[in-house]
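No gaps in the numbering here: position 1090 of the sequence shown is 1090 in full-length UniProt numbering, and each next residue is one more. For every residue, glycine included, the Cβ atom is placed at its ideal position computed from N, Cα and C. Here is the structure we will look at.
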Amino acid sequence: MEFQAPPSHDTALCLIPPKEQWPSIDRLRFDNDKSYSKWPPHVNLLYPFIKSTSATALHEACDTIVSCVRDRIDKSKPATIPICLDSPDYFQHKHGSTLFLCDRDDDRSSRLASLRASILTAIGQTRPQPYRMHMTIAQCEDATHSSKLEFLLEKLRRLPPVSWEASQLAVLVRAPSGQMKPWGFIDLVSPSLHLYRGSIDIDQDATAAAIPQRTWRFSGQGSGWQPVVDEAFSIPLSESKPSANLIVASWNVLAEFHWPPSRTRYPLIVHNLLTETALADVVVLQEMTDDFFPFLLEDERIRSHYPFASHGSPDNPAAGPLPNIINSVVLSKYQFTWEYLPSRRQHKGSCILKFNSLGQVEADGSSLPLVLATCHLSQGLTDGAVVAKEKELQRILAHLRNNYAANQWIIAGDFNIATSSYTINTAVKRGVISAQTETVLRSIETALAEANLLDVWMVARIEAGVSDNLRGDVKDLFEGEQGATFDPRENPHAAKMVGSGLNNRPQRYDRILVRSIGPFRISRFNMFGLVTDNGEPGQGPLYASDHWGIRCLLQRSDDKDAVVTSARNVSVVLKRASDALSDTTALKECMEHLNVLPTEADEIIRQKALQVLQEVLLESAKPTTDQPRGLPAIVMVPVGSYGLGVWSRTSDIDCLFIGSISPRVFFTLARQRVRKSVSSGIRILRKVKAKSGTMLEVEVCGVRCDIQYCQAPNLVNQWPDMLKRPPSDPVFSLPTQTLLKLKPARDLFYLQRSIPDLAQFRTAYQVIKAWAKARGIYAAKFGYFGGIHISVMLVKVCKTLLHNGGVVSTADIITTFFDHYSRFDWRNDVIFDPFFHKNLRYHRTSREAMCLLGWHSPALNTTLIASVPTVNIISNELCQADAQLSRDGASWQSLLSLSDSAQGMIMTPGAAGFLKSFRSFVNLRVHYWGTSLERGSRLIGWLESRCASLLVDINRRVPELSARIWPARFVDVSMADTRDDQGDYQGSYLIGLEWMKISEHPTKDELETAKSNLRTVLQQFEKLVLGDEKYFDPNTTWFSATIIKGSDLGNLQLDNREWGEYVDEDEDSDTEDEEEDDEELDGLLAEKAAKTWQPLKKRTATTGPKPEGAGKLRTALDVMNRLRWDPSIDSNDYLIGYEDRFLGPQEKALSAWKSEQTDEEFIPQHRILWFKRRSDQVVVWHRTERIDLLFKKA
């Protein structure tokens, strides 16, 4: 009987191995064989088999085959056919390759081929193609020989042989679902047909459910890595002591994609995994390969630290190869069970681990294991790739919600989601992705936030501060690039992966997410994988991977750890920006129009200014440990707006110098060195005494710099590492004045480590500052906002909005800022960073009209100058701005009061509006005809600082009046550019006046009373100014405070002139009293002055030489400083003799002497007896014998 070879492929005659051999085959087929869900493991004899799938046709064909088999039985040979599939090979075809296992034994192959030929003859069919027995395992899209093909073939080589005695032929028929299901079996031993009534477990949707997997454990008793039996997990959580801390790490180790794989990086990867910054309790590794995993598991240190693994070694036949070319694997200290959650996209499944010993015990005694899911989403920034990422992540979240709704989750791995705003915006502009895809990227972040998943980098940064591994300038970063784990600018492996395309910006691909529901709370975060090795000659250092690794510390918490503060933490509610405000291009154009954003040229000139300042004051381009012996240790720290990166084109640079010498010595040296370096483009403007101490204002390369100094000998040697210590550390047990000077640097360090997105923060800051300046409320000395105040307010908004996840744009932050503070209760509530002040104990006094708390002590409240009038003005302006942004058609142009740039130099829209808003003003008119710029600046600065108290007095004595001062000086247009040869400067500060209750018209008596009281206040203020001899000189200055009508102001413009001409003069009225003895300088400068300065004309001696010991004996501190700082003296050659309270006189090397009171080895200076030169045993200073061979010689 003849059965035509069918054109369809609905039937098959094949061999199926015993089911106990399926797991090792299917583990590899699962993600690599596209027919996994349709076919069982099989070896085809005839495919297609026959044309018809009807039972009659199948019976007829099978009966014919049964007869054929019966006729072939040879009693001298076994009826079964031995099969041993142990050799990998592949077919090449048009669209790729098919990889399979085959039996290369000629005898066994010929027997199977003979049976096939007999069956074809019996059913009357012929097949032109030669038969090649094989079992398909995988497919590869490469039609030619490639590295990927070789990697897959290597996996097949690692499979254990599939060997069995085939005793039956299986007849498969395609079901409507597409699956090939057994219809019957033909027995080869006793030839007969048996219809199949059961089912073979082939899931129609192979990705529908998670698949249980084996956990592997290393045994040190010679058995190596072995599967864990279920009994190992029988200990209930309630009977075990829960771990207080859990450290989780994740790292994409970068697979080798070229065959044969290079092993150059393998030792470096292992070394990085074993560094102190990388060791964890659980580590998730992506892109693990069959070649590297055995190398890793064979390392004795790895096996000791991580005795549990999700997969066995591919070199172990019991484990077999890893299921994919690149895999996610987990190493752990703790036991776990796990299952594999497949994805509809090949190779993108997730490992779902359950840690019974790390969960939580419910009230009813039941336990909820901690659940960890690995993640390695599809790569690429295309419409299809982004949608694939979304689906892959949705599948993980859905599985966790459906199966572990009450458990705490951790999701760790390489999310491959672009975070750089530059990359995403450019991709949209170039059409690489659509606007809808950009929305999908945002929806992914929203989905994570809705699942209560917290990003450990974000939370740890906000709450504790994180140092990002960004070696370039942070100011060059775009939004979303901070915390990058993939940085092509710094990592050559990453650069090679992306080339020069859109993705060559830093991206924060790798994340660890922790569900907020559960016992563990996020505490710390760090990066690792930074250790390099020597690369090939001429190729630079060798990096371990193209990604940095990430690690977090989770701490078990309870209700006792709840945050308790004395102030109410007013919650911040997100207010989304309207579509019109969401256009970042329009916002950028507005800021560029205002001409406040720094250009590249501005940055270059400031960098040069700092370099010159450093070279002049420190006499070194880079003050490091390599500086000449004897020079005092001093470091320069840019702080303020420049340090935080929020400076504008007109901003000064605030520089804090920290050193071991006294402030008097430092500023004396500074003035001397600046005068010698005028040719370098540096000059002194003035020296003033601020609240935190002396400040020197200098101009360097046209940029103004404010210099402050802090004496902290023990800190300068540990700078900046000591800033990482908590505020309670004994190293900060310093005098209040010292802490006050250090506060800007400490606050800056914390903000740089804790602001979630500095690029986003800087943009929002610049916008809010521009708005405040435009509205005339940016001038801290007048009681309005200053830079620190905007920072305190904005940091809270940024941190709160980004802490809980989701996508928050810069426009969202700005609109939320105005919405939140427009509703703020300034009288009763306190603004503070709740992530820093977790246990705030602050008592607000009745005199504090506004309370904005900074970070480090002392002087927490940054708004002590603010008054009730200025707070009311600020509150009103915030309400108006919020209303403006809430209107239909709101724009950045209207908020920022854009004007013609040229006109804005002489009169801004805000200042012009101020002059038009009031009918009456207080005119604080000042006239200066002196020649000194320093004295003129000092006069203006002092007068401006007094204006805040005037507003307070007006509010107290005339409460029915609302007074508002514009924080700038006005001058009549006709006098702005005219001045005589003597230097004549005139200007006015104006305070607008209006009745407090506009709706109520005051009576004539009320007006007269208010006017009289106001005059009294002004007379007292005028008397105060005129009577201050320190700042007011009647020979060069005149001042008056009068009431004037708005109509009598005349034609005014803003006065941006400097009052006076630059004159280099000594100013001794503002020096500090921290060191009373001016002779402290003598020892430090004596010999250096003789070597570097021109010798002065010798003076004729008027007295004879004094005997040794006569006169004042220098203190032990003077001698110690001289020995340490004098470059001509070797400090290592000197001993200090001192009185020990128990042992009597002792000696100690000067280099080992501790001068800080907090040090355990500290010895008070009054117990110092002598200083001795070790080389010749000469005593150079003796307290009781009044010997001084150092200073008397000098």
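Own chain, CB closer than 6 angstroms to residue i, minus 5 neighbours either side, in chain order
i        : result
Leu-852  : His-789, Val-792, Ile-831, Thr-862 and Thr-863
Thr-289  : Ala-255
Val-440  : Val-386 and Glu-390
Lys-1088 : Its pLDDT being 39, under 50, Lys-1088 is placed unreliably in this model, and the value from its coordinates should be taken loosely. Within the same chain, Lys-1088 has no close Cβ partners at all.
Val-42   : As written in the sequence, residue 42 is His, which differs from the Val given in the question. Counting only Cβ-Cβ distances below 6 angstroms, and skipping sequence neighbours, we find Cys-14 and Ile-16.
DSSP three-state assignment for residue i, whether helix, strand or coil
i        : result
Cys-701  : coil
Lys-687  : strand
Pro-261  : coil
Leu-377  : coil
Ile-954  : helix
Tyr-784  : coil
Gly-1137 : strand
Ser-932  : strand
Ile-605  : helix
Ser-366  : coil
Asn-569  : coil
Ala-57   : helix
Length of the line joining the Cα atoms of residue i and residue j
i        : j        : result
Trp-183  : Leu-195  : 6 angstroms
Thr-602  : Phe-782  : The sequence given here places Asp at residue 602; Thr does not occur at that position. Going from the Cα of Asp-602 to the Cα of Phe-782 covers about 28 angstroms.
Trp-1093 : Met-850  : Per-residue confidence for Trp-1093 stands at a pLDDT of 35, beneath the threshold of 50, marking its modelled position as unreliable; the derived number appears in the next sentence. Roughly 53 angstroms separates the two Cα atoms.
Glu-1185 : His-843  : 55 angstroms
Ser-523  : Ile-137  : 46 angstroms
Ala-859  : Leu-740  : 8 angstroms
Ile-83   : Ala-244  : 55 angstroms
Val-922  : Leu-581  : 39 angstroms
Gln-507  : Val-635  : 33 angstroms
Arg-303  : Asn-32   : 30 angstroms
Asn-272  : Leu-246  : 20 angstroms
Gln-1177 : Ser-1151 : 17 angstroms
Val-282  : Leu-120  : 58 angstroms
Ile-873  : Glu-1022 : 25 angstroms
Leu-454  : Arg-515  : 6 angstroms
Leu-885  : Thr-815  : 7 angstroms
Tyr-36   : Ile-550  : 36 angstroms
Arg-157  : Pro-314  : 10 angstroms
Ala-881  : Arg-576  : 15 angstroms
Ile-326  : Cys-351  : 13 angstroms
Phe-1039 : Arg-827  : 35 angstroms
Nearest neighbour of residue i, chosen from the options [CA to CA]
i       : options                                : result
Ile-512 : Ser-557, Ser-875 and Ala-373           : Ala-373
Ala-249 : Phe-918, Gly-431 and Ala-412           : Ala-412
Glu-287 : Arg-1124, Phe-308, Asp-546 and Leu-477 : Asp-546
Gly-787 : Leu-742, Phe-970, Gly-854 and Leu-802  : Gly-854
N- and C-terminal bounds of the beta strand (DSSP E) containing residue i
i        : result
Ile-411  : 409–414
His-1182 : 1178–1182
Cβ-based neighbour list, residue i, same chain, cut-off 7 angstroms, excluding 5 preceding and 5 following
i       : result
Trp-39  : Met-180
Asp-972 : Gly-1050, Asn-1051 and Leu-1052
Ser-219 : Gln-226
Cys-68  : Ser-118, Ile-119 and Ala-122
Arg-27  : Gly-320 and Pro-323
Proximal residues to residue i (C-beta, below 8 angstroms), its chain only, five neighbours per side dropped
i            : result
residue 1238 : Past the boundaries of the shown model lies residue 1238; the chain is included only from 1 to 1194, so the question cannot be answered.
Thr-53       : Asp-10, Thr-11, Val-173 and Arg-174
Bounding residues of the alpha helix (DSSP H) (the contiguous stretch that carries residue i)
i       : result
Leu-99  : Unbroken run through Leu-99 is the beta strand (DSSP E), 96–102; no alpha helix (DSSP H).
Ile-50  : No alpha helix (DSSP H) holds Ile-50; DSSP gives it neither H nor E.
Ile-874 : 868–886
Gly-889 : Segment: none, Gly-889 is in no alpha helix (DSSP H) and carries neither H nor E.
Thr-668 : 663–676
His-194 : It is not in any alpha helix (DSSP H) - His-194 instead sits in the beta strand (DSSP E) that spans 192–195.
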